[in-house]
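Protein chains in written order, with the numbering used here: chain W, 41 to 150; chain C, 13 to 198.
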Amino acid sequence: MNHEEERDRELGTALRRALDPGHDRVFVAQVLARIDSAPVAPLFWDLLASWARRGIPAAIMIAALTAFLLALPRQPAANLEDTLAGGTGSGASLITNPAPPDAGALGNTP
Amino acid sequence: MRKQIDKVEADLVRRAMSGDREAFGQIMERYAGSARRLCRAILRDPEDADDAAQDGFLSAWVKLGQYDPRRPLGPWLMRIVANAAKDRRRRREVRRTDELSDSLPSSGAGPDREADRRLLEEQLQDALAELPERYRAAVVLFDVEGYSHAEIAKIIGVPEGTVRSDVFHARRMLRQAMEDWKENWK
Chain W
41 MNHEEERDRE
51 LGTALRRALD
61 PGHDRVFVAQ
71 VLARIDSAPV
81 APLFWDLLAS
91 WARRGIPAAI
101 MIAALTAFLL
111 ALPRQPAANL
121 EDTLAGGTGS
131 GASLITNPAP
141 PDAGALGNTP
Chain C
13 MRKQIDKVEA
23 DLVRRAMSGD
33 REAFGQIMER
43 YAGSARRLCR
53 AILRDPEDAD
63 DAAQDGFLSA
73 WVKLGQYDPR
83 RPLGPWLMRI
93 VANAAKDRRR
103 RREVRRTDEL
113 SDSLPSSGAG
123 PDREADRRLL
133 EEQLQDALAE
143 LPERYRAAVV
153 LFDVEGYSHA
163 EIAKIIGVPE
173 GTVRSDVFHA
183 RRMLRQAMED
193 WKENWK
């Protein structure tokens, strides 16, 4: 606060007189009484507000991510019965054929 | 002397930050006048102003943990108080705008010096009421409370150049209003 030379002292003094409410000690006592009567509530709301400041953008991001994932095109889930019935390869025949598989097909028989 | 005061204040802040209510009371005693004058400049209504100043100090008590003790306390505190005053102004509709003019004494006040001074104060309050809110806050913080332009810029949230301009325009308008009363006041 090194602007003394720029300050309009006369106006400043007049304004101070015009605005000065006086009885600062009474005022301070009133604030202290309010602190005593409700010490927790302001803290709670302040904490909630600080959470909200961080939480709202986070919630928006999560919602956007969820919407994006839900909008992705998905392949229909494969049905086991359809796979087995429609399958002609060795996978299906291994399960549905009552006869044991030919061990010679593996090529490691003596 | 200034450093000694700052040291005392730093000690008060440290104690208040650890939950010492009495220390916070002493801090309030130091800044109550400035805070209440600033709120009166912003809100004009004395009762509203005191309520806002109380809200500001309560908010400061709650937020004391966020205060950086390496920075000056005054601007930090005044910013919270100014925001409390602006919040209150937003929440409540502007009311009783004519109260100040209603409270002016009758024209037959006589040559009494004290009465003249009171009339000047009321004239100034009326002139202040004519100014935009930002001008009022800027000129009171600068010419009455002694904050620098840079500090005021942080307190009311505008660029420093705007503060300089606001102080200049506010002074010109207040000076004009004061002119007729100056001789009686001196």
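Every residue gets a Cβ at the ideal spot worked out from N, C-alpha and C, and that includes glycine. From a predicted model like this one, the values you see are computed outputs, not experimental measurements.
Note down the Cα distance separating residue i from residue j, rounded to an integer number of angstroms.
i, j, result
"R48/C", "I100/W", "40 angstroms"
"P123/C", "R101/C", "For P123/C, the predicted model reports a pLDDT of 47, less than 50, meaning its position is unreliable; a value from the coordinates is still stated below. Answer to the nearest angstrom: the Cα atoms are 38 angstroms apart."
"V68/W", "A107/W", "53 angstroms"
"P61/W", "E133/C", "12 angstroms"
"R210/C", "I102/W", "With chain C covering only 13 through 198, there is no way to say anything about residue 210/C."
"Y79/C", "F69/C", "13 angstroms"
"D18/C", "Y159/C", "15 angstroms"
"I167/C", "V71/W", "22 angstroms"
"R49/W", "P87/C", "21 angstroms"
"D128/C", "S30/C", "48 angstroms"
"E46/W", "A98/W", "47 angstroms"
"R83/C", "R184/C", "32 angstroms"
"H181/C", "Q188/C", "11 angstroms"
Enumerate in chain order the residues of its own chain whose CB-to-CB distance from residue i is below 7 angstroms, with the five nearest sequence positions on each side excluded.
i, result
"S201/C", "Examination of residue 201/C is not possible in this model, given that chain C is present from 13 through 198 alone."
"L24/C", "A35, Q38 and I39"
"V179/C", "A150, V151 and F154"
"P58/C", "R52"
"E145/C", "I54"
Apart from the five residues on each side of it in sequence, which residues of its chain come closer than 6 angstroms, Cβ to Cβ, to residue i?
i, result
"R148/C", "A53 and L140"
"C51/C", "A61, A64, A65 and A97"
"A162/C", "E172"
"Y43/C", "L89"
"I92/C", "G68, S71 and A72"
Consider the Cβ of residue i: report whether some Cβ of chain W lies at a distance smaller than 8 angstroms.
i, result
"F69/C", "yes"
"M40/C", "yes"
"P171/C", "no"
"Q4/C", "In the structure displayed, chain C extends from 13 to 198; residue 4/C sits before or after that span and is not available."
"E126/C", "no"
"R102/C", "no"
"V175/C", "no"
"A165/C", "no"
"D178/C", "no"
"V20/C", "no"
"L132/C", "yes"
"W73/C", "yes"
"L89/C", "no"
"V156/C", "yes"
"D99/C", "no"
"R199/C", "No answer is possible for residue 199/C: it lies beyond the span of chain C, which begins at 13 and ends at 198."
"D62/C", "yes"
Looking only at its own chain, which residues have a Cβ that is under 8 angstroms from the Cβ of residue i, when we skip the five neighbours before and after it?
i, result
"A22/C", "P81"
Check whether chain C comes within 8 angstroms of residue i, counting only Cβ atoms and requiring the distance to be less than that.
i, result
"I75/W", "yes"
"G95/W", "no"
"L72/W", "yes"
"A112/W", "The sequence given here places Leu at residue 112/W; Ala does not occur at that position. Judged by the 8 angstroms Cβ criterion, L112/W is not in contact with chain C."
In the stretch 47-59 of chain C, which residues sit with their C-beta less than 7 angstroms from some C-beta in chain W, listed in chain order? R48, R49, R52, A53 and P58
Compile a chain-ordered list of the residues in the stretch 57-68 of chain W whose CB is closer than 8 angstroms to at least one CB of chain C. R57, A58, L59, D60, P61, D64, R65, F67 and V68
Identify each residue in the stretch 134-150 of chain C for which the Cβ-Cβ distance to at least one residue of chain W is less than 7 angstroms, and report them in chain order. L136 and Q137
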